[in-house]
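**Q** Read top to bottom, the protein sequences are chains U and Z. Sequential numbering from 1310 applies to the first sequence in my numbering. Sequential numbering from 1310 applies to the second sequence in my numbering. For each residue, glycine too, the CB sits at the ideal point set by N, CA and C. Quantities reported herein were computed from a predicted structural model and do not represent experimental measurements.
There are 2 protein chains.
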Amino acid sequence: MRIGQLADLAGVTPRTVRYYESLGLLGPSERQGSGFRYYTQVALTRLQKINDLKALGFSLEEIAHMLPLYFEELSNRCHLQALIEILQQRLQETDEKLVSLSHLREDLQASLDRLQRVLEESASESSFNMNEVNTQEISGLIVD
Amino acid sequence: MRIGQLADLAGVTPRTVRYYESLGLLGPSERQGSGFRYYTQVALTRLQKINDLKALGFSLEEIAHMLPLYFEELSNRCHLQALIEILQQRLQETDEKLVSLSHLREDLQASLDRLQRVLEESASESSFNMNEVNTQEISGLIVD
DNA sequence: TTCAACTCTAACGTTAACGTCAAGTAATTA
DNA sequence: TAATTACTTGACGTTAACGTTAGAGTTGAA
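1. For A1319 (chain Z), decide whether its Cβ has a neighbour in chain U, counting only Cβ atoms nearer than 7 Å.
2. With 16 as the cutoff for other CB atoms within 10 Å, does G1313 (chain Z) come out buried or exposed?
3. When the cut-off is 7 Å and only beta carbons count, does I1393 (chain Z) lie next to chain U?
4. Locate the alpha helix (DSSP H) running through Q1454 (chain Z), then write down its first and last residues.
5. Name, going along the chain, the residues of the segment 1369-1382 of chain Z whose beta-carbon falls closer than 9 Å to a beta-carbon of chain U.
6. Distance check for I1395 (chain U) and V1452 (chain Z), CA to CA, integer angstroms please.
7. From U:K1363, U:L1392, U:A1319, U:R1346, pick the residue whose C-alpha is nearest to that of L1424 (chain Z); which is it?
8. Run the CB neighbour count on N1440 (chain U), radius 10 Å, all protein chains shown included, and call it buried at 16 or more, exposed below.
9. Determine the direct distance from the alpha carbon of R1399 (chain U) to that of V1321 (chain Z), and round the result to whole angstroms.
10. Could you check the C-alpha separation between S1343 (chain U) and E1330 (chain U) for me, to the nearest Å?
11. Rounding to the nearest angstrom, what Cα-Cα distance links P1337 (chain U) and H1374 (chain U) in this structure?
12. Reducing DSSP to helix, strand and coil, say where Y1348 (chain U) ends up.
13. Determine the chain U residues that contact K1456 (chain Z) at a beta-carbon separation under 7 Å, and present them in chain order.
14. Please list the terminal residues of the continuous alpha helix (DSSP H) segment that includes L1325 (chain U).
15. Would you verify that the beta carbon of T1403 (chain U) is, or is not, closer than 7 Å to some beta carbon of chain Z?
16. With M1375 (chain U) as the anchor, note down where its alpha helix (DSSP H) starts and where it stops.
17. Rank U:D1422, U:P1377, U:L1365 by C-alpha distance to the C-alpha of D1404 (chain Z) and give the top, closest one.
18. Count the other C-beta atoms from every protein chain shown that fall within 10 angstroms of the C-beta of K1406 (chain U), then say buried if there are 16 or more, exposed otherwise.
19. Measuring straight from C-alpha to C-alpha, what distance separates Q1357 (chain Z) and V1427 (chain Z)?
20. What residues from chain U crowd round G1366 (chain Z), counting only those whose CB sits closer than 7 Å?
21. Measure the C-alpha to C-alpha separation of E1339 (chain U) and Q1418 (chain Z) and round it to an integer number of angstroms.
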């Protein structure tokens, strides 16, 4: 397939594909004489993985370091050790991020509970309902 | 305290503090005649919370929506309901992010295990050690 | 009082991750 | 074959989150 179709399937624009290529994230595709880029399913898989990692908040530079772990061959031992170190670092950062996010989640839940109580209090205080407070909405807030 | 000290304590620059103020993240501080900004401990706490949220990958715009949950008073019921909705959304997004991050962590761990095995194989294959592979480093990689 | 250090506003510069436009070429459809 | 798409490179534009510089006023210690 060509760049337009690849971009559509991956939910990005051709511009983005070319940009990723310029950063070395997508390897220089085949140019069959015409100058057009032609791609296979592999490129799509790679693009989707890039999107996944981006959604997790990684920069393209970081992603460039992580992609070999998913796609590239493990050539020599030297390269392999470098990858292991990168991976070790990523794993640690991920664990830290998980901890922080868990804390944030607790904060959010606590704030939610607090607001809920405040809302209930204000509901019982005022004898007539000014703003049509729907308590059904509130009971659905707790996800856990 | 003035802007320089506040910035130092929070690990940012005065420029950043002014920028946050321009976005409404730090409220217009007191200007005692001279035109200088004077802050209290409250501003520092607020700045630190901003830093925490930034570390979690939230944009300043998102943070602007979250800060009231930590600091502002819950004035009227209308405002309160708006906050509850924002919080509900954040909580859901956080849960999704936690799931994705957990998956990433599994991927990283799996890749690490794989690399580890490859390294061991290459070590047992070659009778003489070309690159001084230190197997101690590898056993320390698994965090769990 | 004086002078270095701090602060003010205003404005231009920077990086990441693209968007958008231009001018030309290739492919496809009528 | 002619007209519409799709693709090419190149270059300038954009947003977020500040950095940096300039020119002028303020503080506080010696």
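**A** On the basis of the coordinates in this document:
1. By one-based count along the second sequence, residue 1319 (chain Z) stands at place 10. No - not a single Cβ of chain U is within 7 Å of the one on A1319 (chain Z).
2. What you label residue 1313 (chain Z) is simply residue 4 of the second sequence in a count that begins at 1. Exposed, because fewer than 16 other Cβ atoms sit within 10 Å of the Cβ of G1313 (chain Z).
3. The count along the second sequence starts at 1 and reaches residue 1393 (chain Z) at position 84. Cβ-Cβ to chain U under 7 Å: yes for I1393 (chain Z).
4. Residue 1454 (chain Z) cannot be examined here, being either before or after the span of chain Z that is shown, 1310 to 1453.
5. M1375, L1378, Y1379
6. Taking the first residue of the second sequence as position 1, residue 1452 (chain Z) is located at position 143. Taking the first residue of the first sequence as position 1, residue 1395 (chain U) is located at position 86. Note that V1452 (chain Z) scores a pLDDT of 25, beneath 50, so its modelled location is shaky; the value from the coordinates is reported in the next line. Looking at the two C-alpha atoms, the distance is approximately 14 Å.
7. Locating residue 1424 (chain Z) in the second sequence gives position 115, where the first residue counts as 1. Checking every option, the nearest Cα to that of L1424 (chain Z) belongs to U:L1392.
8. Residue numbering aside, residue 1440 (chain U) sits at position 131 when the first sequence is read from its first letter. Any reading at N1440 (chain U) needs caution, since the residue's pLDDT is 43, under 50, leaving its predicted position unreliable; the model's value is listed next. The residue is exposed, with fewer than 16 neighbouring Cβ atoms inside 10 Å.
9. What you label residue 1321 (chain Z) is simply residue 12 of the second sequence in a count that begins at 1. What you label residue 1399 (chain U) is simply residue 90 of the first sequence in a count that begins at 1. So the two alpha carbons sit approximately 25 Å from each other.
10. Counting from 1 along the first sequence, the entry for residue 1343 (chain U) is found at position 34. Counting from 1 along the first sequence, the entry for residue 1330 (chain U) is found at position 21. Distance between the alpha carbons of S1343 (chain U) and E1330 (chain U): 18 Å.
11. Walking along the first sequence from the start, residue 1337 (chain U) turns up at place 28. Walking along the first sequence from the start, residue 1374 (chain U) turns up at place 65. Straight-line Cα distance between these residues: approximately 17 Å.
12. Locating residue 1348 (chain U) in the first sequence gives position 39, where the first residue counts as 1. In this structure, Y1348 (chain U) counts as coil in the three-state DSSP scheme.
13. Since the first residue shown for chain Z is 1310 and the last is 1453, residue 1456 (chain Z) is missing from the structure and cannot be characterised.
14. Taking the first sequence and counting its residues from 1, one reaches residue 1325 (chain U) at position 16. The question names Leu, but residue 1325 (chain U) is Thr in the sequence shown. 1323-1331 is the extent of the alpha helix (DSSP H) around T1325 (chain U).
15. Locating residue 1403 (chain U) in the first sequence gives position 94, counting from the first residue. Yes, contact with chain Z.
16. As a position in the first sequence, residue 1375 (chain U) is number 66, starting the count at 1. First-last of the alpha helix (DSSP H) with M1375 (chain U): 1369-1379.
17. Locating residue 1404 (chain Z) in the second sequence gives position 95, counting from the first residue. Nearest of U:D1422, U:P1377, U:L1365 to D1404 (chain Z), Cα basis: U:L1365.
18. For the purposes of this step, residue 1406 (chain U) is identified with residue 97 of the first sequence, where counting begins at 1. Answer is buried; the Cβ neighbour count reaches 16.
19. Your numbering for residue 1357 (chain Z) matches position 48 in the second sequence. Your numbering for residue 1427 (chain Z) matches position 118 in the second sequence. Computed Cα separation, rounded: 44 Å.
20. Reading the second sequence from its first residue, position 57 is the one you call residue 1366 (chain Z). Those are G1366, listed as they occur along chain U.
21. Here residue 1339 (chain U) refers to the residue found at position 30 of the first sequence. Here residue 1418 (chain Z) refers to the residue found at position 109 of the second sequence. Each residue's Cα considered, the two are about 33 Å apart.
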